[in-house]
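Numbering (the working numbering), first residue to last: 48 to 136.
Every residue, glycine too, gets a C-beta built ideally from N, C-alpha and C.
Remember, predicted model here, so these are calculated numbers, not experimental data.
Put into structure tokens, the structure is as follows:
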């Protein structure tokens, strides 16, 4: 192999190495972008779960409030009924 062939071969190897490096850098950039998007999606899901949890708490609170109101209403009605029975004796 003469000197110019060796230089051409070395240049080809360097070109291949450069192309490989560019491909690896693109792959790393893509993976970093995907990782960032994944983190953003995880944060969105976490926020939605927190919002749902808060809504469930509020619904429970309102439901218990409504149950308590209905219970009080029924107790008052029962008291009035008992009072009416006692006064009519």
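Please work out which residues of its chain come closer than 6 Å, Cβ to Cβ, to residue i, disregarding the five sequence neighbours upstream and downstream, and give them in chain order.
i, result
"residue 118", "none"
"residue 81", "none"
query: Of all the alpha helix (DSSP H) runs that stay within the bounds of the stretch 61-111, which reach a length of 4 or more residues?
result: DSSP runs (the alpha helix (DSSP H)) wholly in the stretch 61-111: none.
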